[in-house]
Amino acid sequence: MAIHPIEYRYGHSEMKSVWSEETRLVKMLAVEAALAKAEVSSGYIPKGVDDKIACAAEKVRLERVKDIEDEIHHDVMAVVLALSEQSNDAGKWVHFGATSNDILDTATALQIKDAIQILRKETAKLRSVLVDTALSHKNTVCAGRTHGQIGVPTTYGLRFAIWASEIDRHMERLDQLTPRATVGKMSGAVGTQAAFGKKGIEIQKKTMEALGIEPADVSNQIIQRDRHAEFVMWMANTVTTLDKICVEIRSLARSEIAEVEESFGKKQVGSSTMPHKRNPIKSEQVCGLARIVRAMVEPELLNNTLWDERDLTNSSCERIVFPESCVLTDHVIRLTTTIIQNLRIYPENIKKNLALLNGLNMGEAVMIELTKKGVGRQEAHEIVRQSAMTARETGGQMKDALLGNETVSKYLSEDEITGIMDPEKYIGTAVEQVESLAAKLKKRK
């Protein structure tokens, strides 16, 4: 019986597979097999034992492990016993010198490594879609808004470029944290490697080499959770960017703004009682799930505050934190990509909103030109401010209010004011910024 929405509503099978019970067991068995191989190579256990244990690992079934765990109430020992059963005479060497978290934490590192590969792949897709959209709309001039109020013009291309740049920084952070978050250990009960004797460092190194990851430089019974917390914080940071993007899409999709709209299927229903509704439900889903991922940060930070060489308070917590945060982060990255790919942008509504204030939002451009003509900057600011107040009160055009000012008329002709107040001519280097960023990001892998 499915209870959690991740089981039936959210998440992609690719990421879910990484955190499935079956995959967890496969990773744990891989660590046990790699340990045996390292111990044979180091002369710590008899030759040939590693091959037998590796073959036995392929025969272990999850159902048998669960049956054993139901009886003994220890998940790792259940794996050890199930593997020993299949290893015959080599079974006595299974898990030799190791402690539970040598297996658990190293298996987790392998899962995180796989999860990061998926997250990076999907984040790269999103970055590419944002760059392409930025280029497509580099000349789409629109109203900039600050404090929710219309300001000077900007472009849709610059908006998408800003988001693409932020996603690119998240990818840089992911690449930087990956080697820190994906280390394993084989250091025994409290980290001294006493059970391995003088061969401990060699055995740990060879075990991790076989698994394709690096060993922790030092450890006690566990990998220190600052490594994992950094990864969870990366996910929280990334989904917050997606939250921001989708909040903006939702705002711009308001009926009174209507500059953008999510794709809407022919048979899609927006409301059970208001048949006309076309709600931004995908963006709302991103914003909602981002809250859950952000909430995972505090538990994982607290998982670093364990007693002495370790306690078990992190275990139950991480069984939820890692799968849930990874599956939901992957889900909202993919969903945001879909939203951007299919986003409808309405140029006519953009132009209508740009002209909504009758030219009030072009006051800065006039102030700059007056200053260039010889009027002091502060005086020019006051002239434009007073003209704006007049236009607001009368409901007239800003241009007419400006022409009614003697100082403005002295320095600027009507044609000059008309040209200055053209939004298309007041976007500065927006196009160049988009093109420059796109050229840089298209070289990224």
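With the numbering used here applied, the sequence shown has no gaps in its numbers, which climb one by one up to 447 at the end.
Built from N, CA and C at the ideal position, the CB exists for glycine as well.
*Are there three or more Cβ pairs, one per stretch, closer than 8 Å when the region 108-123 is compared with the region 174-192?*
Segment contact: the region 108-123 against the region 174-192, three or more CB-CB distances shorter than 8 Å; contact assigned.
*If you compare alpha carbons, which of D69, N90, K207, S89 is closest to A475?*
Missing from the structure shown is residue 475; the chain here goes from 3 to 447 and no further.
*Within 10 angstroms of the Cβ of Y10, are there 16 or more other Cβ atoms? Answer buried if so, exposed if not.*
Here residue 10 refers to the residue found at position 8 of the sequence shown. Exposed.
*In terms of residue numbering, what span does the alpha helix (DSSP H) encompassing T420 cover?*
Position 418 of the sequence shown holds residue 420. Run containing T420: 416-422, per the alpha helix (DSSP H) assignment.
*Helix or strand or just coil, what does DSSP make of V185?*
Here residue 185 refers to the residue found at position 183 when the sequence shown is read from its first residue. Here V185 sits in strand by DSSP.
*Could you tell me which of I74, I55, L359 sits nearest to E87, measuring between CA atoms?*
The count along the sequence shown starts at 1 and reaches residue 87 at position 85. Per the Cα distances, I55.
*asked:* Counting C-beta neighbours from all protein chains within 10 Å, is the total for R129 16 or more, i.e. buried, or is it exposed?
replied: To locate residue 129, count along the sequence shown from 1; it is residue 127. R129 counts as buried, since no fewer than 16 other beta carbons sit within 10 angstroms of its beta carbon.
*Where the beta strand (DSSP E) through T331 begins and ends*: Residue 331 sits at position 329 when you count from the first residue of the sequence shown. No beta strand (DSSP E) holds T331; the alpha helix (DSSP H) holding it covers 315-343.
_On the DSSP letters alone, give me the boundaries of the alpha helix (DSSP H) that G153 sits inside._
Here the question's residue 153 lines up with position 151 in the sequence shown. From DSSP, G153 is part of no alpha helix (DSSP H) but of the beta strand (DSSP E) over 151-157.
*So what does E216 bridge to, in DSSP terms?*
Numbered from 1 along the sequence shown, position 214 holds the residue referred to as residue 216. According to DSSP, residue pairing for E216 in a beta bridge involves V185.
_Nearest-angstrom Cα separation, counted from V323 out to H97_ = Your numbering for residue 97 matches position 95 in the sequence shown. Your numbering for residue 323 matches position 321 in the sequence shown. The straight-line gap from Cα to Cα measures roughly 27 Å.
*Nearest to C289 by alpha carbon, out of P301, N306, I335?*
The residue labelled residue 289 in the question sits at position 287 within the sequence shown. Residue I335 is the option with its Cα nearest to C289.
*Can you give the Cα-Cα distance for E326 and P349, rounded to whole angstroms?*
As a first step, residue 326 is located in the sequence shown; it is residue number 324 there, counting from the start. As a first step, residue 349 is located in the sequence shown; it is residue number 347 there, counting from the start. Approximately 39 Å between the Cα atoms of the pair.
*Exposed or buried, S285, counting other C-beta atoms within 10 Å across all chains shown (16 or more means buried)?*
Along the sequence shown, one-based indexing puts residue 285 at 283. So S285 ends up on the buried side.
*asked:* So for E258, helix, strand or coil by DSSP?
replied: Numbered from its first residue, the sequence shown carries residue 258 at position 256. E258 falls in the coil class under three-state DSSP.
*Excluding the 5 residues preceding and the 5 following L303 in the sequence, name in chain order all residues of the same chain whose CB lies nearer than 7 Å to its CB.*
The residue you call residue 303 lines up with position 301 of the sequence shown. Excluding its 5 nearest sequence neighbours in each direction, L303 has C-beta neighbours in its own chain below 7 Å: A231, listed in chain order.
_Give me the DSSP bridge partner(s) of E65._
If you number the sequence shown from 1, residue 65 lands on position 63. For E65, which the question treats as bridged, DSSP gives no partner whatsoever.
*Locate the beta strand (DSSP E) running through L147, then write down its first and last residues.*
In the sequence shown, the residue the question calls residue 147 occupies position 145. Here residue 147 turns out to be Arg, not Leu, going by the sequence shown. Unbroken beta strand (DSSP E) run through R147: 143-148.
*Indicate whether the contact test is met: 3 or more Cβ pairs, each with one atom in the region 136-145 and one in the region 350-368, closer than 8 Å.*
Judged by Cβ distances under 8 Å, the region 136-145 makes contact with the region 350-368, as three or more pairs qualify.
*Among the residues of its own chain, which have a CB less than 8 Å from the CB of N239, if the five just before and after it don't count?*
Along the sequence shown, read from residue 1 onward, the residue named residue 239 stands at position 237. These residues qualify, in order along the chain: H172, R175.
*Skipping 5 residues on each side, what residues in its chain have a beta carbon closer than 6 Å to that of T243?*
For the purposes of this step, residue 243 is taken as residue 241 along the sequence shown, with counting starting at 1. Around T243, the same chain offers E168 as residues with beta carbons nearer than 6 Å, after the five sequence neighbours per side are excluded.
*Excluding five sequence neighbours on each side, which residues of the same chain lie with their C-beta closer than 6 Å to the C-beta of S189?*
Position 187 of the sequence shown, counting from 1, holds the residue named residue 189. Excluding sequence neighbours, S189 sits near Q195, S221.
*Among M237, N306, Y158, which one has its Cα closest to the Cα of V329?*
The residue labelled residue 329 in the question sits at position 327 within the sequence shown. Looking at the Cα atoms, M237 is the closest of the given residues.
*Going along the chain, which unbroken runs of the alpha helix (DSSP H) with 4 or more residues stay wholly within the region 196-248?*
Listed in chain order, the complete alpha helix (DSSP H) runs (minimum 4 residues) inside the region 196-248 are 202-213.
*With a threshold of 16 other CB atoms inside 10 Å of the CB of M276, please say whether the residue is buried or exposed.*
Here residue 276 refers to the residue found at position 274 of the sequence shown. The C-beta of M276 has fewer than 16 other C-beta atoms within 10 Å across all chains shown, which makes the residue exposed.
*Looking only at DSSP bridge pairs, what is E263 linked to?*
For the purposes of this step, residue 263 is taken as the residue at position 261 of the sequence shown. R346, per the DSSP bridge assignment.
*Taking the continuous alpha helix (DSSP H) assigned at V368, which residues delimit it?*
As a working note, residue 368 is residue 366 in the sequence shown. Counted as a single uninterrupted DSSP element, the alpha helix (DSSP H) harbouring V368 occupies residues 365-375.
*With distances taken between CB atoms, is the gap from L64 to L121 smaller than 8 Å?*
If you number the sequence shown from 1, residue 64 lands on position 62. If you number the sequence shown from 1, residue 121 lands on position 119. At the C-beta level, L64 and L121 stay beyond 8 Å of one another.
*Under the three-state reduction of DSSP, which class applies to H172: helix, strand or coil?*
On the sequence shown, residue 172 is found 170 positions in, with the first residue counted as 1. Of the three classes helix, strand and coil, the one that applies to H172 here is helix, per DSSP.
*Within 10 angstroms of the Cβ of I352, are there 16 or more other Cβ atoms? Answer buried if so, exposed if not.*
The count along the sequence shown starts at 1 and reaches residue 352 at position 350. Taking all protein chains shown into account, I352 has 16 or more neighbouring C-beta atoms within 10 Å of its C-beta and is therefore buried.
*Three-state secondary structure assigned by DSSP to T392*: Start at 1 with the first residue of the sequence shown, and residue 392 comes out as number 390. T392: helix per DSSP, three-state reduction.
_Three-state secondary structure assigned by DSSP to M400_ = Along the sequence shown, read from residue 1 onward, the residue named residue 400 stands at position 398. In this structure, DSSP gives M400 a helical state, which the three-state scheme calls helix.
*asked:* Check for me: the alpha helix (DSSP H) holding K429 runs from which residue to which?
replied: As a first step, residue 429 must be located in the sequence shown, where it is residue number 427. Note that residue 429 is Ile in the sequence shown here, rather than Lys. Segment: none, I429 is in no alpha helix (DSSP H) and carries neither H nor E.
*asked:* Going by C-alpha to C-alpha distance, which of Y428, H278, L213, D332 sits closest to E34?
replied: By 1-based counting over the sequence shown, the position of residue 34 is 32. Here the closest residue by C-alpha is L213.
*asked:* Could you check whether T135 and I342 sit closer than 8 Å to each other, using their CB atoms as the reference points?
replied: Indexing the sequence shown from 1 puts residue 342 at position 340. Indexing the sequence shown from 1 puts residue 135 at position 133. Taking 8 Å as the Cβ cut-off, I342 and T135 qualify as a contacting pair.
_Quick check on the DSSP output: the alpha helix (DSSP H) that includes D104 runs from which residue to which?_
For the purposes of this step, residue 104 is taken as the residue at position 102 of the sequence shown. DSSP places D104 in the uninterrupted alpha helix (DSSP H) bounded by 102-138.
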